[in-house]
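2 protein chains.
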Amino acid sequence: MADELYKALADPTRRTILDELTEQSGQTLFEICSRLAMKHRLDISRQGVSQHLAVLEAAGLVETRREGRYKFHDLNTAPLRQITERWLGTDPSGPDKENP
Amino acid sequence: MADELYKALADPTRRTILDELTEQSGQTLFEICSRLAMKHRLDISRQGVSQHLAVLEAAGLVETRREGRYKFHDLNTAPLRQITERWLGTDPSGPDKENP
DNA sequence: ACCATAGGCAAGTGAACGCTTGCCTATCAA
DNA sequence: TTGATAGGCAAGCGTTCACTTGCCTATGGT
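Chains A and B supply the protein sequences, listed in that same order.
Take the first sequence: its position 67, counting from 1, is numbered 363 in our numbering, and each next residue is one higher.
Take the second sequence: its position 39, counting from 1, is numbered 335 in our numbering, and each next residue is one higher.
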């Protein structure tokens, strides 16, 4: 899954999607589409965004839940920690207060 | 430069090069080549490795210094911090002891 | 001066990637 | 039931990417 994590981060549009989900998690595909268009002037097709979300989900950065005809996309930043753990050897969340 | 950082991390061979430089910084092109071949069974041409190093340097992840006919490649992990800072909102090195 | 070593430049190739277009399914409101 | 909304699948297209090959420059040992 590490491979897919780095691949997911490689695209600027996907990183912007992560930014949007950071600001408000649990958005639908159409919400993300319109935000990309409005706030970032990214006029990309709905399918394009959908494919990006699939890549992000494969990387574990986005988790989805279905409710009726809506599919909500939630952000999961946990996989990002392995990046700094790999080359910085540190826990990005900082020292554990219980075991300092 | 952020764009080049994520692009640099997208390739598995480049990530392995970072691993090798983490283990021992300041290696030459040929040293890196032979290590990739020996330790990781990656038989990639010298030019291929050279191009990877160029991408890593453009991302600021490796810095080079010339000495005679040798060019040493040093690891610089600093750019990695912006990744977790962007979506985790944390400093990977932990809280600053001066300003906690 | 010679030749091996360390590295660089540039063109070419095949595969992967981002994105679009067209059509199809499912859920909800009227 | 009809129509609108939310989303999915798959083929096609142009670009980027990783990698190779061939040739060239520069430094150092003998």
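Positions of the beta carbon are idealized from the N, C-alpha and C atoms, including for glycine.
If you're wondering where the values come from, they're calculated on a predicted model, not measured in any experiment.
Could you tell me the distance, in whole angstroms, from the CA atom of B/L349 to the CA atom of B/Q323?
The count along the second sequence starts at 1 and reaches residue 349 of chain B at position 53. The count along the second sequence starts at 1 and reaches residue 323 of chain B at position 27. Those two C-alpha atoms are separated by around 11 angstroms.
At a Cβ cut of 7 angstroms, what residues of the segment 348-375 of chain A count as close to chain B, listed as they run along the chain?
Listed by position, the residues of the segment 348-375 of chain A near chain B (Cβ gap below 7 angstroms) are T373.
For B/K367, list the residues DSSP reports as bridge partners.
On the second sequence, position 71 is the one that residue 367 of chain B refers to. Its beta-bridge partners are B/R362.
So, with DSSP's three-state summary, where would you put A/Q343?
In the first sequence, the residue the question calls residue 343 of chain A occupies position 47. In this structure, A/Q343 counts as helix in the three-state DSSP scheme.
Flag this pair as yes or no: are the beta carbons of B/L317 and B/V351 separated by less than 8 angstroms?
Here the question's residue 317 of chain B lines up with position 21 in the second sequence. Here the question's residue 351 of chain B lines up with position 55 in the second sequence. Taking the C-beta atoms as reference points, B/V351 is found no nearer than 8 angstroms to B/L317.
Indicate whether at least one CB of chain A lies closer than 8 angstroms to the CB of B/I379.
The residue given as residue 379 of chain B occupies position 83 in the second sequence. At a cut-off of 8 angstroms between beta-carbon atoms, B/I379 makes contact with chain A.
Using a Cβ-Cβ distance cut-off of 8 angstroms, determine whether A/T318 contacts chain B.
Sequence index remark: in the first sequence, residue 318 of chain A carries index 22 (1-based). Output row for A/T318: interface = yes.
Just checking: is the beta-carbon of A/K303 within a distance shorter than 8 angstroms of some beta-carbon in chain B?
Position 7 of the first sequence, counted from the first residue, corresponds to residue 303 of chain A. For A/K303, the nearest beta carbon of chain B is closer than 8 angstroms to its own beta carbon.
Flag A/R337 as yes if its beta-carbon sits less than 8 angstroms from any beta-carbon of chain B, otherwise no.
By 1-based counting over the first sequence, the position of residue 337 of chain A is 41. Answer no: the Cβ-Cβ gap between A/R337 and chain B never drops below 8 angstroms.
Under 8 angstroms between the Cβ atoms of A/L325 and A/L332?
Against the first sequence, residue 325 of chain A aligns to sequence position 29. Against the first sequence, residue 332 of chain A aligns to sequence position 36. Going by C-beta atoms, A/L325 is not nearer than 8 angstroms to A/L332.
Where does B/Q323 sit, in a helix, a strand or coil, going by DSSP?
Your numbering for residue 323 of chain B matches position 27 in the second sequence. DSSP places B/Q323 within a strand segment (E or B) once states are collapsed to three.
For A/A374, count neighbouring C-beta atoms within 10 Å of its own C-beta (all shown protein chains included) and say buried if the count is 16 or more, exposed if not.
For the purposes of this step, residue 374 of chain A is taken as residue 78 along the first sequence, with counting starting at 1. Under this definition A/A374 is an exposed residue.
Local conformation of B/T309 per DSSP, three classes
Position 13 of the second sequence, counting from 1, holds the residue named residue 309 of chain B. In this structure, B/T309 counts as helix in the three-state DSSP scheme.
So what does DSSP say about B/A304, is it helix, strand or coil?
As a working note, residue 304 of chain B is residue 8 in the second sequence. Helix, per DSSP.
Just reading off the alpha helix (DSSP H) that A/R382 is part of, what are its end residues?
Position 86 of the first sequence holds residue 382 of chain A. For A/R382, the enclosing alpha helix (DSSP H) begins and ends at 377-383.
Candidates A/D299, A/Q347, A/E319: closest to A/R310 by CA position:
On the first sequence, residue 310 of chain A is found 14 positions in, with the first residue counted as 1. Ranking the options by Cα distance to A/R310, first place goes to A/Q347.
At a CB-CB cut-off below 9 angstroms, which residues of chain A make contact with B/L325?
As a working note, residue 325 of chain B is residue 29 in the second sequence. One finds nothing in chain A with a Cβ atom closer than 9 angstroms to the Cβ of B/L325; even the nearest lies about 20 angstroms away.
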